[in-house]
Amino acid sequence: MKISRRSFLKWCTTSAVALGLSKMELGKLEEVVMAAETTPPVIWLQGSGCSGCSISLLNSIQETTIDDLLINKISMKYHHNIMTASGDLAISALDQTVSQYNGKFILVIEGAVPTADNGIHCVLTERHGQPWTMLDAVKELAPKASYVIAAGTCASFGGVPMGGGNPTGIQRLDRNILYNMTKQRIINLPGCPIHPYTLVRTIIKVLLYGMPRLDEQGRPREFYDTEIHDICPYKEYDEVRQLGLLGCYEELGCKGPDTYNNCPHRKWNNKNNWCIAAGHMCIGCADSSFGKETIYKFGGGSYSSDEHDDDDERDDNEYEYRSHDDDDDERDDEYRTYYRYRYDD
Ligand code: SF4
Ligand code: SF4
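Be aware that the sequence shown starts at 1253, since it is given in the working numbering, and climbs by one per residue.
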């Protein structure tokens, strides 16, 4: 699954406009790629999630298709759904990549990481005759990666798998599981699913410039610096009280005022449409609260994981589950201080 550097550059040149690459950036990319021994090796792990982020990329035909990107443009060494190898063959390909490109590969994490019962609720495969959990995998591979990208809301913030009492003990990668263990800050690309453009452009940007500027939630400012509400074309419209009618959905609980993403600009399904223009409010799929809070302000029977949590003994158990809301100020301060010190961000 490896291609020549020449093909990678050719693809970047033909996709330059769609990817927003300037002539200068293209020139720099050529220097970076030609100086490297290979196209960037990528290991992609899938934990607790629905594989929607992979599907979102597979559905993309603008900028590039995912098979074109992952098979022909970068050197995808491991991806459960896309690779043809399986069993021992797949694991030995992964081991070989890690040892050959130690410190140089990009690790993409899709899905959340359960920690309860030593991570046994999410087993990736058998390795050396033992169950290899997602928890084992991220702890082993992330410290050896040049960049760690958390693709989607589940990987970034826990998402839906972390809601409803969080029985598998999912925790945040950056603030808990991999805290202090990676070479660089973890790049969080939330969205349920991730937007293909955001992932493709992030990979190209790290090749060009290294670490992007991240906000306090670990999100690249380039994609997540604006609330949906601020750039929503329906801001000037009358409020409507029924989904399907075009207008502002604030009365119904639209999460646009709390959610940072670029949907109104980038749109979805190959730039065809996006949630609010399609007649549905923003449900905050890219926000850290997604999966943990009530979405709709109507219907009467809406489920709230907050209410459920009140009855759940899990909060006091040995897994020390801490949702983003439970993070105490001390830990947040420690986190901010750590990264300000290391990366001057
Ligand atoms: S529909 Fe949502 S995002 Fe758009 S203006 Fe209304 S509240 Fe803001
Ligand atoms: S508009 Fe809101 S719910 Fe829709 S994709 Fe964007 S962030 Fe997610």
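Every residue, glycine too, gets a C-beta built ideally from N, C-alpha and C.
Rounding to the nearest angstrom, what Cα-Cα distance links residue i and residue j in this structure?
i: residue 1500; j: residue 1529; result: 10 Å
i: residue 1543; j: residue 1486; result: 25 Å
i: residue 1415; j: residue 1364; result: 11 Å
i: residue 1391; j: residue 1426; result: 12 Å
i: residue 1492; j: residue 1300; result: 36 Å
i: residue 1374; j: residue 1366; result: 6 Å
i: residue 1441; j: residue 1497; result: 30 Å
i: residue 1385; j: residue 1489; result: 49 Å
i: residue 1407; j: residue 1494; result: 32 Å
i: residue 1344; j: residue 1527; result: 42 Å
i: residue 1658; j: residue 1387; result: Past the boundaries of the shown model lies residue 1658; the chain is included only from 1253 to 1597, so the question cannot be answered.
i: residue 1444; j: residue 1460; result: 27 Å
i: residue 1467; j: residue 1355; result: 24 Å
i: residue 1352; j: residue 1503; result: 55 Å
i: residue 1380; j: residue 1293; result: 23 Å
i: residue 1525; j: residue 1472; result: 23 Å
i: residue 1476; j: residue 1339; result: 38 Å
i: residue 1534; j: residue 1478; result: 14 Å
Please classify residue i: does DSSP put it in a helix, a strand, or coil?
i: residue 1293; result: strand
i: residue 1540; result: coil
i: residue 1386; result: helix
i: residue 1331; result: strand
i: residue 1491; result: strand
i: residue 1400; result: strand
i: residue 1576; result: Confidence at residue 1576 is low in this model, with a pLDDT of 39, below 50, so the placement of that residue is unreliable and no value is reported for it.
i: residue 1464; result: coil
i: residue 1377; result: strand
i: residue 1528; result: coil
i: residue 1348; result: helix
i: residue 1553; result: With a pLDDT of 45 at residue 1553, under the threshold of 50, the modelled position of that residue is not reliable, and the figure given next carries that caveat. DSSP places residue 1553 in coil when its eight states are reduced to three.
i: residue 1479; result: strand
i: residue 1442; result: coil
Using only alpha-carbon positions, find the residue among the options that is nearest to residue i.
i: residue 1509; options: 1525, 1483, 1494; result: 1483
i: residue 1538; options: 1430, 1420, 1305, 1461; result: 1305
i: residue 1403; options: 1545, 1431, 1373, 1455; result: 1455
i: residue 1451; options: 1434, 1468, 1474, 1467; result: 1474
i: residue 1311; options: 1467, 1507, 1356, 1447; result: 1447
i: residue 1360; options: 1328, 1338, 1468; result: 1328
i: residue 1545; options: 1506, 1532, 1395; result: 1506
i: residue 1463; options: 1481, 1478, 1436, 1477; result: 1436
i: residue 1372; options: 1420, 1476, 1362, 1480; result: 1420
Are the beta-carbon atoms of residue i and residue j separated by less than 9 Å?
i: residue 1511; j: residue 1470; result: no
i: residue 1389; j: residue 1376; result: yes
i: residue 1295; j: residue 1358; result: yes
i: residue 1409; j: residue 1303; result: no
i: residue 1349; j: residue 1400; result: no
i: residue 1518; j: residue 1449; result: yes
i: residue 1333; j: residue 1298; result: yes
i: residue 1330; j: residue 1309; result: no
Apply the 10 Å Cβ neighbour rule to residue i and answer buried if 16 or more other Cβ atoms are within range, or exposed otherwise.
i: residue 1393; result: buried
i: residue 1550; result: exposed
i: residue 1465; result: exposed
i: residue 1422; result: buried
i: residue 1514; result: buried
i: residue 1307; result: exposed
i: residue 1336; result: exposed
i: residue 1411; result: buried
i: residue 1547; result: buried
i: residue 1378; result: exposed
i: residue 1341; result: exposed
i: residue 1521; result: exposed
i: residue 1457; result: buried
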